[in-house]
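These notes are about the structure you will find just below.
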Amino acid sequence: MRLAGKTALITGARGGIGRAIVARFLREGADVYAADLSEGGSLPSHEAEGHFVRLDVSCETDAIAAMERVGREAGKLDILVNAAGIEIEKTIEHTTLEEWNRSFAVNVTGTFLTSKYALPLLRAAAKEGTTSSVINFGSYDGFIADPGLAAYCATKGAVHALTRAMACDHGPEGIRVNAICPGYIDTPMLQSFFEGDGSGGAGQTIDQLQQAVRDVHPMRNYGTPDDIANLVTWLASDEARYAAGQLWVLDGGLSAQVQQMKL
Ligand SMILES: NC(=O)c1ccc[n+]([C@@H]2O[C@H](COP(=O)([O-])OP(=O)(O)OC[C@H]3O[C@@H](n4cnc5c(N)ncnc54)[C@H](O)[C@@H]3O)[C@@H](O)[C@H]2O)c1
């Protein structure tokens, strides 16, 4: 078990990627705090072994209360995974100021707040010979743009920059900060992208659109939440003791290739 003895808090824990991380961390022996907006929805049986934390990451008092609870119960935090996120599928022309601000409040301010209030617990976990680990969620959309996701792309670029800044500031304290930048991962967020205006799939069925997206990847498929959980587990583990300040792209090779023009 690669995370035995470690305490972890995962935001967005009820989402497609968050659930896979919670399940994997529990299997790897971690003491898991699964944080999300609500307890709604069916619970995989393994989640009963973790602790649920109701946390709106954009709310400062929620972030403080969540970390106070972890401090009281565990006394330290070895791993913070900032996976909560929202995606507005619009161009800037159709994005309202409220939608723009909400995107930044959840994706960027949320990452800032949970990390800020976790710092004393992350320091407590970073002992001689071990490190603590913060894993943020960027996106390949923080490097290159999907059409119709303007605010989302902007927030993910901000998370990338924040990740580097946090890594520089807190590396000397033994706190490693990295970001995972997924490509297309099969979760409710991706399904909503296929169904929404951001897909750009005029005239195609959702099945045709999904196949077209698979085909454009060098690996000829999009990823699964477990693919992401594998990388998160490594970054959270002591094997990654020298990994800091990096943006880890996991996208089936998508961003490595020039798209072929159909002439
Ligand atoms: N699925 C993909 O293709 C993909 C690609 C790149 C990046 N990402 C990123 O990975 C992360 C997880 O995405 P996912 O696909 O699992 O999304 P998802 O929509 O399945 O899950 C997101 C979770 O975040 C929670 N959440 C939303 N607002 C919150 C708030 N204010 N406070 C606390 N929790 C909140 C939701 O309740 C949900 O459980 C996100 O940051 C997303 O931007 C996903």
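Take 9 as the starting number for the sequence shown in our numbering and just add one per residue.
Cβ atoms here follow ideal geometry from the backbone N, Cα and C, with glycine treated the same way.
Taking 8 Å as the upper bound for CB-CB distance, residue 163 and residue 111 are in contact here, some 5 Å apart.
Residue 201: member of the alpha helix (DSSP H) spanning 196 to 203, first to last residue. Comparing alpha carbon positions, the residue from 253, 144 and 121 closest to residue 236 is 144.
A residue is called buried when at least 16 other Cβ atoms come within 10 angstroms of its Cβ; residue 66 meets this threshold and is buried. For residue 141, the enclosing beta strand (DSSP E) starts and ends at 140 to 145. By the neighbour-count definition (other C-beta atoms within 10 Å, threshold 16), residue 195 is a buried residue. Check the Cα spacing between residue 44 and each of 70, 36 and 35: the tightest is with 70.
Listed as beta-bridge partners of residue 189 by DSSP are 257. The beta carbon of residue 64 is closer than 7 Å to those of 45 and 70 in its chain, skipping five residues each way along the sequence. Separation of the CB atoms of residue 60 and residue 74 is rounded to 11 Å, and the pair is thereby denied contact status at 8 Å. Sequence-distant Cβ neighbours of residue 124 in its own chain, meaning closer than 7 Å and more than five residues away, do not exist here.
The Cβ atoms of residue 229 and residue 182 lie no closer than 8 Å to each other.
Remark: C-beta atoms of residue 169 and residue 185 do not approach each other more closely than 8 Å.
In the DSSP annotation of this structure, the continuous segment of the beta strand (DSSP E) that includes residue 62 starts and ends at 59 to 62.
The DSSP-derived three-state label of residue 41 is strand. Under the three-state reduction of DSSP, residue 214 is assigned to helix. Around the beta-carbon of residue 264, fewer than 16 other beta-carbon atoms lie within 10 Å, marking it exposed. With a threshold of 16 other beta carbon atoms within 10 Å, residue 95 meets it and is buried. Of the residues 202, 225 and 17, the one whose Cα lies closest to the Cα of residue 214 is 202. For residue 240 against residue 116, the beta-carbon gap comes to about 20 Å, at or over 8 Å, which does not count as contact. Pairing residue 23 with residue 197 gives a Cβ-Cβ distance under 8 Å. Rounded to the nearest whole angstrom, the C-alpha separation of residue 218 and residue 76 is 43 Å.
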